[in-house]
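Asks: Below you will find the structure I want to go over with you.
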């Protein structure tokens, strides 16, 4: 019996070794919070007996710690000192001023990232990174949106890759994946909450989508004119690899990074069909939003009920918890005094709720003393957001519109009040408004009274709560979890060195939106109809001009 047990154990070990994949994940190079999604994915793959490597380029220097956090069973490749101070300082300042500017910004905040990625890519190409990865005999790479250098590296290694859009389903991914374009669906770059003139909004959506389409066509002058991303990051990185001595020896032609982007085996999009607009998704575009959500953990102090909270909870006036969080990158201490007073004034009126407001790394508000904060409002630098949203006491999430927060809110059936600050925030929150689970208040309209009315409407109107609870129920009753879907597709692509869902990749690479929209068929139909009408008209003229045969016979 003992020998049989040993044989079975050895067989299982051999089976694991044979089926194990060698996977590399490129981590976001700025902060630990931004890397958490991919680190979770790397850890889960390693726990499934795959050989996992992570490439972590440190763009912003991290503070030294006595205990360095490391992922279990994951081989980390860390690249330090990639940027000079003049390039990483703007990255640190991104969350300070731009989110609180009066004018909404869609792309300007990304320019420091474009410059940083282009500079860091040169350092990465000149390091031994590519040689190290070659030695690992990789089966698959997972890259994230926003850094063109990863695309060039995986193409140089000639390994299949999955493109992960961390911002949801942006215009960049819509075009690269060859998803049929629908101008009725808002653009992630030109989203506007003003739908007063639908025809004008449709024109704006179409213009922005075509702008991205022509950017990815890679006509150097035109693409750089239309897109700052292409001019500052995509084109310099493409030229960098095309001119590299070792790359030129291996490749007679090294494509532009946008062309490489269109060669992804699969596209993971950080969203979910239940909240997304009605896109006609191709089979190789996989919604994976919420895959990181696990069973909520028990809340610890002070998030669980303290003694004073228990007394308050037993009173008839206590109604629940409100969470206020503007994301990991936004520094609330950099908002204007007017904005800070408007938010605090509005929150101060909700005495029946315990309010947790995450400020960021600095526990301060401009022009406001800590003694001015009402007792029912807790200011904090950290919130266990996923666990707190899962608590039955939580009644509302006030957010800037990060995709992670939106997905967590709908998974637990919590309505949303959104204040879009920059980037894709407005685009994400339009999905919330479109599904009826919350309201949007633009920062240009931010005042104490407007915010109070918006929060009151969502809290007091049961339709938002019902919509949120219905979405949460649909999520729970699904036959398969998002996590299982992610693992299945990663292992499928790795073992088969490609995806069977994406065999028409040559067609998609050309971004033939004309064929996608059936413009050729439409033009042929119009032409044939026109010729048919002309022919019918000519026949009628001929018949009218011919003498009537019966009349001629009667005369004779």
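In our numbering, the protein residues as written are 706 to 1261. Glycine included, each C-beta is placed from N, C-alpha and C at the ideal position.
Only counting the same chain, and skipping five residues up and downstream in sequence, which positions put a Cβ closer than 6 Å to that of residue 860?
Replies: As a working mapping, residue 860 is identified with position 155 in the chain shown. Excluding sequence neighbours, residue 860 sits near 965.
Asks: Hey, how far is the Cα of residue 776 from the Cα of residue 909?
Replies: Your numbering for residue 776 matches position 71 in the chain shown. Your numbering for residue 909 matches position 204 in the chain shown. Near 45 Å, if we compare the C-alpha coordinates of residue 909 and residue 776.
Asks: Could you pull out every residue in the same chain whose Cβ sits closer than 7 Å to the Cβ of residue 747, ignoring the five residues on either side in sequence?
Replies: Your numbering for residue 747 matches position 42 in the chain shown. Once the five neighbours on either side are set aside, the close Cβ partners of residue 747 are 730, 757, 759, 776 and 779.
Asks: Going by Cα to Cα distance, which pick from 952, 917 and 961 is closest to residue 853?
Replies: As a first step, residue 853 must be located in the chain shown, where it is residue number 148. For residue 853, the closest C-alpha among the options 952, 917 and 961 is that of 961.
Asks: Can you list, in chain order, the stretches of the alpha helix (DSSP H) that have 4 or more residues and sit fully within the region 891-969?
Replies: Within the region 891-969, the complete alpha helix (DSSP H) runs of at least 4 residues are 903-921, 925-931, 940-948, 950-955 and 962-966.
Asks: If you draw a straight line from the alpha carbon of residue 891 to that of residue 907, how long is it in whole angstroms?
Replies: As a first step, residue 891 is located in the chain shown; it is residue number 186 there, counting from the start. As a first step, residue 907 is located in the chain shown; it is residue number 202 there, counting from the start. Cα atoms of residue 891 and residue 907: separation of roughly 8 Å, rounded to the nearest angstrom.
Asks: Does the beta-carbon of residue 1202 have 16 or more other beta-carbons within 10 angstroms, so that it is buried, or is it exposed?
Replies: Here residue 1202 refers to the residue found at position 497 of the chain shown. Counting Cβ neighbours within 10 Å, residue 1202 comes out exposed, since fewer than 16 surround it.
Asks: Would residue 1034 pass as a contact of residue 799 if the rule is Cβ separation under 8 Å?
Replies: For the purposes of this step, residue 1034 is identified with residue 329 of the chain shown, where counting begins at 1. For the purposes of this step, residue 799 is identified with residue 94 of the chain shown, where counting begins at 1. Contact flag set, yes.
Asks: Where residue 1168 and residue 1106 are concerned, what is the direct C-alpha to C-alpha distance, given to the nearest angstrom?
Replies: Position 463 of the chain shown holds residue 1168. Position 401 of the chain shown holds residue 1106. Rounded to whole angstroms, residue 1168 to residue 1106 spans 20 Å at the Cα level.
Asks: Kindly indicate which three-state DSSP category residue 817 falls into: helix, strand or coil?
Replies: Counting from one through the chain shown, the residue named residue 817 turns up at place 112. Three-state DSSP puts residue 817 in a helix.
Asks: What separation, rounded to the nearest whole angstrom, lies between the Cα atoms of residue 741 and residue 1232?
Replies: Residue numbering aside, residue 741 sits at position 36 when the chain shown is read from its first letter. Residue numbering aside, residue 1232 sits at position 527 when the chain shown is read from its first letter. Between residue 741 and residue 1232, the C-alpha separation is close to 56 Å.
Asks: Are the CB atoms of residue 1003 and residue 974 nearer to each other than 8 Å?
Replies: Working through the chain shown from its first residue, we reach residue 1003 at position 298. Working through the chain shown from its first residue, we reach residue 974 at position 269. No, these two residues do not count as a Cβ contact at 8 Å.
Asks: Going by the CB atoms, is the gap between residue 1083 and residue 1058 shorter than 8 Å?
Replies: Counting from one through the chain shown, the residue named residue 1058 turns up at place 353. Counting from one through the chain shown, the residue named residue 1083 turns up at place 378. No, these two residues do not count as a Cβ contact at 8 Å.
Asks: Only counting runs of 3 or more residues, tell me where the beta strand (DSSP E) segments fall wholly within the region 1023-1072, in order along the chain.
Replies: Listed in chain order, they are 1025-1030 and 1058-1063.
Asks: Residue 998 to residue 869, Cα distance in whole Å?
Replies: Within the chain shown, numbered from 1, the residue matching residue 998 stands at position 293. Within the chain shown, numbered from 1, the residue matching residue 869 stands at position 164. Cα to Cα, the separation comes out at about 17 Å.
Asks: Sort 1091, 1044, 1065 and 1050 by Cα distance to residue 1071 and report the nearest one.
Replies: Within the chain shown, residue 1071 is the residue found at index 366, counting from 1. The candidate whose alpha carbon is nearest that of residue 1071 is 1044.
Asks: Please classify residue 1136: is it buried, with 16 or more other beta-carbons within 10 angstroms of its beta-carbon, or exposed?
Replies: As a working mapping, residue 1136 is identified with position 431 in the chain shown. By the C-beta density criterion, residue 1136 is buried, having at least 16 other C-beta atoms within 10 angstroms.
Asks: Let me know if residue 1021 comes out buried or exposed under the rule of 16 or more other beta-carbons within 10 Å of its beta-carbon.
Replies: For the purposes of this step, residue 1021 is taken as residue 316 along the chain shown, with counting starting at 1. Confidence in residue 1021 is poor, its pLDDT being 48 and thus under 50, which makes the residue's placement too unreliable to answer from.
Asks: Starting from residue 1156, trace the alpha helix (DSSP H) both ways and give me its first and last residue.
Replies: Start at 1 with the first residue of the chain shown, and residue 1156 comes out as number 451. Element bounds for residue 1156: 1153-1165.
Asks: Would you identify the three-state DSSP class for residue 741, choosing helix, strand or coil?
Replies: Here residue 741 refers to the residue found at position 36 of the chain shown. Three-state DSSP puts residue 741 in a helix.
Asks: Terminal residues of the continuous alpha helix (DSSP H) containing residue 1196?
Replies: Sequence index remark: in the chain shown, residue 1196 carries index 491 (1-based). From DSSP, the alpha helix (DSSP H) with residue 1196 extends over 1187-1201.
Asks: For residue 754, which of 1192, 923, 786 and 1237 has the nearest alpha-carbon?
Replies: Stepping through the chain shown from its first residue, residue 754 is reached at position 49. It is 1192.
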